[in-house]
Amino acid sequence: MYKLSNINTVKSLMQKYNMTFSKSLGQNFLINPSVCPRMALNTITKPDACVLEIGPGIGVLTQELAKLAGKVVAVEYDKRLLPLLSETLADFDNVSVINNDILKLDLRKVANDYFNGQNFSVCANLPYYISSSIIMKLLEDKLPIDCITIMLQKEMAQRICAKPGTRAVGAISLCISYYAEPELLFNVSKGSFMPAPKVDSSVIKLNVRKKPLYNVLSEKTLFKIIELCFANRRKMISNNLSSGLNIPKAKVEDVLKNNCSVMPDMRAEQLSLEQFVHISNVFFEVMKNGKEKIEGN
Ligand code: SAM
Numbered sequence: 003m004y005k006l007s008n009i010n011t012v013k014s015l016m017q018k019y020n021m022t023f024s025k026s027l028g029q030n031f032l033i034n035p036s037v038c039p040r041m042a043l044n045t046i047t048k049p050d051a052c053v054l055e056i057g058p059g060i061g062v063l064t065q066e067l068a069k070l071a072g073k074v075v076a077v078e079y080d081k082r083l084l085p086l087l088s089e090t091l092a093d094f095d096n097v098s099v100i101n102n103d104i105l106k107l108d109l110r111k112v113a114n115d116y117f118n119g120q121n122f123s124v125c126a127n128l129p130y131y132i133s134s135s136i137i138m139k140l141l142e143d144k145l146p147i148d149c150i151t152i153m154l155q156k157e158m159a160q161r162i163c164a165k166p167g168t169r170a171v172g173a174i175s176l177c178i179s180y181y182a183e184p185e186l187l188f189n190v191s192k193g194s195f196m197p198a199p200k201v202d203s204s205v206i207k208l209n210v211r212k213k214p215l216y217n218v219l220s221e222k223t224l225f226k227i228i229e230l231c232f233a234n235r236r237k238m239i240s241n242n243l244s245s246g247l248n249i250p251k252a253k254v255e256d257v258l259k260n261n262c263s264v265m266p267d268m269r270a271e272q273l274s275l276e277q278f279v280h281i282s283n284v285f286f287e288v289m290k291n292g293k294e295k296i297e298g299n
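Start counting the sequence shown at 3; every next residue gets the next number (the numbering used here).
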């Protein structure tokens with residue numbers, strides 16, 4: 003079996019297949035031998051587990067997942083990597099590679115076709131610019147996912163795992179915590195990749211809740227309201243909601259104070275997810291009954 007965390011092996015495979023690292027696809031491959039086994043161990047918590055890997059690259063993480071899992075499906079966008087992956091994964095009969103863009107793939111169909119509809123886990127070291135869209139797609143589609151172990155830019159990982167009421171918290175932290183419990187696992191230095199990126203990374207695990215934490219009348223409204231309140235995080239939530247929802251400020255202040263028990267001069271980072279859920283449920287009703295509309299509702 004290839005030792006894919008070795009720089010010389012990576013170089014010779016890239017040469018053999020006439021490959022160059024694609025910057026636009028975020029191709030920074032892991033060469034630190036301790037990272038992939040740790041990611042795999044955190045992803046696979048039961049024998050015969052089903053795992054979806056996003057962006058296998060040359061297969062360094064795929065190999066570690068395949069050693070522990072019952073079935074691994076790896077989705078790689080770059081078709082140049084397919085012949086290379088056939089060679090590096092030849093020792094494993096429990097791996098299937100799909101050549102597609104993860105954002106365009108029907109993952110429910112993949113789960114049915116490859117995992118017989120069983121729950122699965124996700125593991126990925128992804129280009130950072132698409133990680134939040136991918137995480138939200140996986141969670142919003144309500145797929146049968148147990149956990150998502152993912153490598154992210156360090157600042158983004160800290161933001162996702164930040165506790166409400168702290169300065170590090172952002173819209174993404176609250177949206178994700180509605181669906182999953184985030185856990186910061188470990189940090190990974192720039193030098194662990196080839197080529198080395200400009201930023202440090204961290205691996206986090208999202209333990210997906212069996213059902214969302216609160217009863218929400220409209221998830222679209224909840225996420226819109228969270229996004230609006232954080233759009234200008236230094237502003238009072240009443241200002242952000244008034245301009246974002248196109249509702250007079252006096253009315254927003256009245257609803258916040260009297261229907262939501264929230265002071266209108268609070269800032270987004272001071273509110274808990276529970277308070278956002280309450281605000282969104284109240285505003286959903288207000289807008290249903292009035293002429294104000296949230297985009298999409
Ligand atoms: N897993 C490998 C590792 O850790 O060394 C490769 C990680 S590299 C940071 C990201 C991988 O994701 C690349 O192989 C890239 O081609 C692939 N990728 C980028 N965008 C993708 C997309 N939209 N769908 C599927 N794969 C994608």
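C-beta atoms are modelled at their ideal positions from N, C-alpha and C, and glycine is treated no differently. Values in this document were obtained by computation on a predicted structure and should not be read as measured data.
Cα atoms of Gly172 and Met158: separation of roughly 10 Å, rounded to the nearest angstrom.
Cβ neighbours of His280 within its own chain (closer than 7 Å, five residues either side excluded): Cys262.
Only buried fits Thr223, as 16 or more other CB atoms lie within 10 angstroms of its CB. Ranking Pro250, Gln272, Arg211 by CA distance to the CA of Arg236 puts Gln272 first. Close CB contacts of Leu140 within its chain, under the 7 Å cut and outside five residues either way in sequence, are with Val124, Ile147, Ile150 (chain order). Fully enclosed alpha helix (DSSP H) runs of no fewer than 4 residues occupy 83-90 of the region 65-102, in order along the chain. Distance from the C-beta of Val75 to the nearest heavy atom of the ligand SAM is not below 7 Å. Under the 10 Å beta carbon count, Gly57 is surrounded by 16 or more other beta carbons and is classified as buried. Considering only Leu67, Val201, Leu83, Val77, the residue with the shortest C-alpha distance to Phe94 is Leu67. Rounded to whole angstroms, the gap between the alpha carbons of Lys165 and Tyr19 is 45 Å. DSSP places Ile281 in the uninterrupted alpha helix (DSSP H) bounded by 275-291.
About 21 Å separates the beta carbon of Ile46 from that of Ser194, a gap too long to meet the 8 Å contact definition. Taken through DSSP and simplified to helix, strand or coil, Val62 comes out as helix. Here DSSP, grouped into helix, strand and coil, assigns Met158 to helix. Tyr79 has its Cβ nearer than 7 Å to a heavy atom of the ligand SAM.
Per the coordinates, the alpha-carbon of Arg82 lies some 7 Å from the alpha-carbon of Met21. Note on geometry: alpha-carbon atoms of Glu185 and Thr168 lie some 16 Å from one another.
Note on geometry: alpha-carbon atoms of Ala170 and Ile228 lie some 15 Å from one another.
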